[in-house]
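Asker: Each residue of the sequence shown is one higher than the last, beginning at 1 in UniProt numbering.
Here you go, one structure.
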Amino acid sequence: MRNIDEHTITAAVLDRMSGCEDARLKEVISALVRHLHDFAREVKLTEAEWAAGIDFLTATGQKCDAQRQEFILLSDTLGLSMLTVAMNHAKSPQATEATVFGPFHVAGAPQLPLGSDIAGGAVGEPLFVEASVRGRDGEPIADAVVDVWEADAEGFYDVQRPGDHPQGRAVFRTNAEGRLWFRGVAPVAYPIPTDGPVGAMLRATRRHPWRPAHVHFMIQAPGYETLITHVFREGDPYLDSDAVFGVRSSLIGNFAAHAPGRAPDGSLQDGPFHTLDFAFVLERQAPGNCAAQSG
């Protein structure tokens with residue numbers, strides 16, 4: 001122990017954890033130590049570089065608050081969020097694919113009746129959404145809780161703006177036929193926040209910060225796996241280079257554009273509007289798995 005060098009220190013650290021009684025914690029931390037040490041040896045990490053890394057992680061934490069989660073942005077842009085989703089939410093071919101949760105979900109969004117306008121004054125061309133929620137065998141899922149959130153036409157979520165008035169978010173419950181419908185705003189592509197350390201990393205690595213236009217959905221129902229996903233706008237130029245690697249072909253929807261006229265809810269629109277019809281298919285929970293999955 002008094003003559004540890006670069007070749008023996010990993011074993012010494014692992015030995016210190018030999019008394020850990022939590023088998024999973026021991027497995028995870030031990031693997032983390034091995035990979036971190038191997039990484040440092042592979043790149044011949046200098047003290048100055050590791051100090052810069054610590055500064056980066058410190059700044060990432062300091063950028064986090066109740067409205068901003070910089071560590072989620074970091075995980076997303078490194079592809080780690082999508083990797084964990086892919087590993088933990090493998091779906092049958094019939095079920096809707098999951099994707100990243102993102103940093104802008106807010107618990108406790110207002111629960112609204114079907115057909116409501118979730119925009120809350122957010123700018124953007126109207127979007128009328130009709131959706132169904134079914135199981136793999138086609139059974140409609142009544143009373144499913146559907147959490148929806150989206151950015152406005154300027155690419156901002158409500159939590160990125162001053163004040164606490166909800167815009168572009170709501171919670172609905174499906175009807176007896178497993179359907180829901182609501183009005184929002186047509187989504188646009190937007191850049192993830194770049195005024196923090198994650199933005200600095202993207203600039204340093206010559207990566208763009210753009211996400212393709214999408215609407216977020218989280219759907220929960222007893223007996224089914226919780227689905228966290230997006231519906232992306234067909235034709236968006238960033239579908240093949242999403243900054244957080246979240247796009248799946250099956251999640252691309254037809255946000256149909258319409259000239260001024262009568263909308264699906266019967267209202268007369270004096271400007272252009274859009275419609276989206278999308279079918280969500282939930283996977284049954286595995287036997288013995290009573291806990292809902294979450295993001």
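Beta carbons are placed, not taken as given, at the ideal position from N, Cα and C, and that holds for glycine.
Whose CA, out of G61, P110, R41, lies closest to the CA of P197?
Answerer: The shortest C-alpha separation from P197 is found at G61.
Asker: Using the rule of at least 16 other Cβ atoms within 10 Å of the residue's Cβ for burial, across every protein chain shown, is A144 buried or exposed?
Answerer: By the neighbour-count rule (16 or more Cβ atoms within 10 Å), A144 is buried.
Asker: Quick one: residues in its chain with C-beta nearer than 7 Å to the C-beta of A95, no 5 flanking neighbours on either side, listed in chain order?
Answerer: Closer than 7 Å at Cβ, skipping near neighbours: R136, V281, L282, E283.
Asker: For a test of the three-state rule: what should DSSP assign to E70, helix, strand or coil?
Answerer: Helix at E70.
Asker: Between A292 and the rest of its own chain, which residues show a CB-CB distance below 7 Å, the 5 nearest in sequence each way excluded?
Answerer: For A292, the predicted structure reports a pLDDT of 40, less than 50, and the residue's modelled location is therefore unreliable. A value from the coordinates is still provided. Excluding sequence neighbours, A292 sits near Q220, T226.
Asker: Quick check: the Cα distance between I4 and S75, rounded to an integer number of angstroms?
Answerer: Taking the straight line from one Cα to the other gives about 33 Å.
Asker: Would you check if the distance between the CB atom of W181 and the CB atom of E130 is smaller than 8 Å?
Answerer: In contact: W181 and E130 (Cβ atoms closer than 8 Å).
Asker: Please specify which runs of the beta strand (DSSP E), each continuous and at least 3 residues long, are wholly inside the segment 72–147, giving them in chain order.
Answerer: List check, beta strand (DSSP E) in window: 126–135.
Asker: Taking the beta carbon of H165 as the centre, do at least 16 other beta carbons fall within 10 Å, making it buried, or is it exposed?
Answerer: By the 10 Å Cβ count, H165 comes out exposed.
Asker: Which word fits T46, buried or exposed, when buried means at least 16 other C-beta atoms lie within 10 angstroms of its C-beta?
Answerer: Looking at its Cβ environment, which holds fewer than 16 other Cβ atoms inside 10 Å, T46 is exposed.
Asker: Taking the beta strand (DSSP E) that V231 belongs to, which residues open and close that run?
Answerer: Unbroken beta strand (DSSP E) run through V231: 227–233.
Asker: In this structure, does DSSP put S294 in helix, strand or coil?
Answerer: With a pLDDT of only 37 at S294, under the threshold of 50, the placement of this residue in the model should not be trusted, and no figure is reported.
Asker: Three-state secondary structure (DSSP) at T275?
Answerer: T275 falls in the strand class under three-state DSSP.
Asker: Between G138 and F278, what straight-line distance do the alpha-carbon atoms span, to the nearest angstrom?
Answerer: If you take the alpha carbons of G138 and F278, they lie about 14 Å apart.
Asker: I need the DSSP call for M17, collapsed to helix, strand or coil.
Answerer: Residue state, collapsed to three classes: coil.
Asker: Check each candidate in S92, H230, F104 and name the one with the smallest Cα separation from R161.
Answerer: When only C-alpha atoms are compared, the closest one is F104.
Asker: Which word fits A107, buried or exposed, when buried means at least 16 other C-beta atoms lie within 10 angstroms of its C-beta?
Answerer: When all chains shown are included, A107 counts as exposed.
Asker: From what residue to what residue does the beta strand (DSSP E) around R169 run?
Answerer: That run of the beta strand (DSSP E) goes 169–173.
Asker: Output the distance between the C-alpha atoms of M201 and L78, rounded to the nearest integer angstrom.
Answerer: The alpha-carbon atoms of M201 and L78 are separated by roughly 10 Å.
Asker: For T10 versus R248, is the C-beta distance shorter than 8 Å?
Answerer: Result no, Cβ atoms of T10 and R248 do not sit closer than 8 Å.
Asker: Considering only C-alpha positions, which residue in the set V244, A263, A176 is nearest to R134?
Answerer: Ranking the options by Cα distance to R134, first place goes to A176.
Asker: Could you check where the beta strand (DSSP E) with residue 304 kicks off and where it finishes?
Answerer: No information on residue 304 is available, as it lies outside the stretch 1 to 295 that the chain covers here.
Asker: What is the DSSP secondary structure of F39, reduced to helix, strand or coil?
Answerer: DSSP places F39 in helix when its eight states are reduced to three.
Asker: Excluding the 5 residues flanking P212 on each side, which residues of the same chain have their C-beta closer than 8 Å to its C-beta?
Answerer: Same-chain partners within the cutoff: A189, F232, R233, D236, P237, Y238, L239, D242, V247.
Asker: Quick one: is M17 buried, meaning 16 or more other Cβ sit within 10 Å of its Cβ, or exposed?
Answerer: M17 is exposed by the Cβ-count criterion.
Asker: Starting from F217, trace the beta strand (DSSP E) both ways and give me its first and last residue.
Answerer: Per DSSP, F217 belongs to the beta strand (DSSP E) from 214–220.
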